[in-house]
Amino acid sequence: MTTNTFDPVRTSLFIGGKWRNPSTTATIPVISPLTEQQIGSVPEASTVDVDDAVTAASDAFRSSQWRALSNADRAGCLRRFADALEARAEERSAAVTRENGMPIELARFAEGAAPVQLLRYYADLTEATSSEERRTSQPMPGTTLVRREPIGVVAAIAPWNFPAILSMFKIAPALAAGCTVVLKPSPETTLDSYILAEAAVEAGLPPGVLNIVNGGTDIGQYLVAHPGIDKVAFTGSTAAGRHIGRVCGEMIRPVTLELGGKSAAIVLDDADIDRTVTGLATASLLNAGQTCYMSTRILVPENKYSTYLEAITAMASGLPIGDPLDPNTFVGPLVSDRQRRRVLSLIDQGRAEGGTITTGGGRPDGIDQGFFVSPTVFGDVDNASTIAREEVFGPVVTVLTYDSVDDAIALANDSAYGLGGTVWTSDDERGLDVARRVDTGSFGVNTFNLDWGSPFGGVKASGIGRELGPEGLAAYQRTKSIFLTS
Ligand code: NAD
595 MTTNTFDPVR
605 TSLFIGGKWR
615 NPSTTATIPV
625 ISPLTEQQIG
635 SVPEASTVDV
645 DDAVTAASDA
655 FRSSQWRALS
665 NADRAGCLRR
675 FADALEARAE
685 ERSAAVTREN
695 GMPIELARFA
705 EGAAPVQLLR
715 YYADLTEATS
725 SEERRTSQPM
735 PGTTLVRREP
745 IGVVAAIAPW
755 NFPAILSMFK
765 IAPALAAGCT
775 VVLKPSPETT
785 LDSYILAEAA
795 VEAGLPPGVL
805 NIVNGGTDIG
815 QYLVAHPGID
825 KVAFTGSTAA
835 GRHIGRVCGE
845 MIRPVTLELG
855 GKSAAIVLDD
865 ADIDRTVTGL
875 ATASLLNAGQ
885 TCYMSTRILV
895 PENKYSTYLE
905 AITAMASGLP
915 IGDPLDPNTF
925 VGPLVSDRQR
935 RRVLSLIDQG
945 RAEGGTITTG
955 GGRPDGIDQG
965 FFVSPTVFGD
975 VDNASTIARE
985 EVFGPVVTVL
995 TYDSVDDAIA
1005 LANDSAYGLG
1015 GTVWTSDDER
1025 GLDVARRVDT
1035 GSFGVNTFNL
1045 DWGSPFGGVK
1055 ASGIGRELGP
1065 EGLAAYQRTK
1075 SIFLTS
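For the sequence shown, the residue numbers in our numbering are 595 to 1080.
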């Protein structure tokens, strides 16, 4: 499919399986990060629209069209949804690239192919898993029937950095479990979810099973606290996650929080320099660093500091930067002017606190339009400084030194966050030993690849709960134990 079906001006909302007029005339502009110009707009949902979306999801949850489906029938539904999305994959990837500046080759995988794979993974998993299990009762005679039931109506709140796949981290397991969903995309990335909704219609998803409301913080807050919601699944900043966690705590409402990170790359003394530095381009700077699990604190042995600083500087300064629709581009513009200003302000702070910039630090030469920031490398940084502690969410890495492996692990763990991280070594056993000792929800040895079948999430300020794998399905189920005499 070609990309010329891109429709950047949308006027309706997807609620209850229908395209309907919004209840107000408020709109959200779609701004191109490449040209800084408005390229489209979508309606902004009001609280009335959110009420309608929650009612539609609640009705769908109770309807026999959805609730009475067997696991196999629901799996069939997910597979039809996957097929319909697959047919629109190129269109959706290009929409994301135009919205947030993600390099198109990355978008083709992460935003086009991956959501389809995830739907198929959860279709297979739910078909292979029974919702009921008999256990021998103790200490009394008899048995217990343990049922896994869908939690209900899910509020799914997504960020702008990987909008399609991070929405699907929630939608696929929620639907597989038998829940229904109200999705609130980020205001920066709304257009791609119209393609998601169109695919849901094409796939014959029952009305109300998926609903989409556009809006910012206010609409997000209203949705999270809505009495009709049974579970909140959120990916975004730690600040917003704290707020959502407080609201859900007050309401005793289950919540999954996938939040920020400041992960470390531990480069061991036996690592191959070229392979390591090539790997770090993806592990530390993917999507212009706007990826939650980036290994942005690069810890290298003290006696190899200058060699690594030079090699990482050369790697970062050589990354192809430019139009994200060009398949050769590795670094596109940042998502927004707001994000660019935030990144530049943290770079200024890093400089002011004594860090030395060896490449980057501002707008790339020869590019005078777009929200670009050059890949930036900091040396002479202390792990206690702001640039080593705060999540930058831009193309910025710091190179720090350690004097022993224990010291490296202590530095990696000396962070408020605990999301990802990597170790680079020629000895996988040494790598595994380090991986076991770092306090994060996931970790990579000479790589960092998400696996649809294994849990992903954070510890400490990086979040609560897990997405992906069977654990991700369980997050949308509640158990009920039925005690029987036989
Ligand atoms: P953000 O927190 O500003 O917004 C995320 C989403 O939440 C948006 O849809 C926003 O409108 C909504 N929102 C904001 N405040 C809210 C509130 N109080 N109540 C309800 N909804 C609210 O984050 P962002 O700038 O869009 O995304 C970047 C952040 O997301 C980074 O910190 C990054 O690390 C994090 N992130 C984490 C993961 C992960 O899996 N751990 C993945 C990607 C991004």
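By construction, the Cβ of each residue, glycine as well, lies at the ideal position given by its N, Cα and C atoms.
- For lysine 898, no alpha helix (DSSP H) encloses it, and the DSSP letter there is neither H nor E.
- Burial is judged here by how many other beta carbons sit within 10 angstroms of a residue's own beta carbon; isoleucine 745 has at least 16 and is buried.
- At a cut-off of 6 angstroms, the beta-carbon of threonine 829 counts as near ligand 1: some heavy atom of the ligand is closer than that.
- Segment contact: the segment 637 to 655 against the segment 950 to 959, fewer than three CB-CB distances shorter than 8 angstroms; contact not assigned.
- The Cβ-Cβ distance between asparagine 805 and alanine 647 falls below 7 angstroms.
- Apart from the 5 residues on each side of it in sequence, serine 687 sits with its Cβ closer than 7 angstroms to the Cβ of Ile698, Ala701, Arg702, Glu705, Gly706 in its chain, given in chain order.
- For tryptophan 613, the beta-bridge partners assigned by DSSP are Phe608.
- Spatial neighbours of serine 1009 in its own chain (CB-CB distance under 6 angstroms, excluding positions within 5 residues in sequence) are listed in chain order as Lys856.
- Judged by their CB atoms, leucine 919 and threonine 691 are nearer to each other than the 7 angstroms cut-off.
- Note on geometry: alpha-carbon atoms of asparagine 1007 and threonine 730 lie some 42 angstroms from one another.
- Of the candidates Ser617, Thr1016, Glu630, Ser617 places its Cα closest to the Cα of valine 642.
- Shortest gap from the CB of phenylalanine 987 to any heavy atom of ligand 1: under 6 angstroms.
- In this structure, isoleucine 1058 has its CB at a distance of at least 6 angstroms from all heavy atoms of ligand 1.
- For isoleucine 823, no alpha helix (DSSP H) run applies, since DSSP gives it neither H nor E.
- Boundaries for proline 848: no beta strand (DSSP E) harbours it, and the DSSP string shows neither H nor E there.
- Annotation for glycine 883 indicates a beta carbon at 6 angstroms or more from all heavy atoms of ligand 1.
- For the pair glycine 1014 and isoleucine 981, the CB atoms are not nearer than the 7 angstroms cut-off.
- Under the three-state reduction of DSSP output, proline 1049 falls in the coil class, being neither helix nor strand.
- Closest in C-alpha terms to alanine 662, from the list Gly854, Thr923, Pro800, Gln884, comes Pro800.
- Taking non-hydrogen atoms of ligand 1 into account, the C-beta of isoleucine 838 is found less than 6 angstroms away from one of them.
- Contact check for asparagine 808 against threonine 784 passes: the beta carbons are separated by less than 7 angstroms.
- Within the model, the alpha-carbon separation for glycine 883 versus alanine 768 is close to 29 angstroms.
- Exclusion of cysteine 842 from the 6 angstroms shell around ligand 1 follows from its C-beta lying no nearer than that to any non-hydrogen atom of the ligand.
- For arginine 682, no alpha helix (DSSP H) segment is defined, and its DSSP state is neither H nor E.
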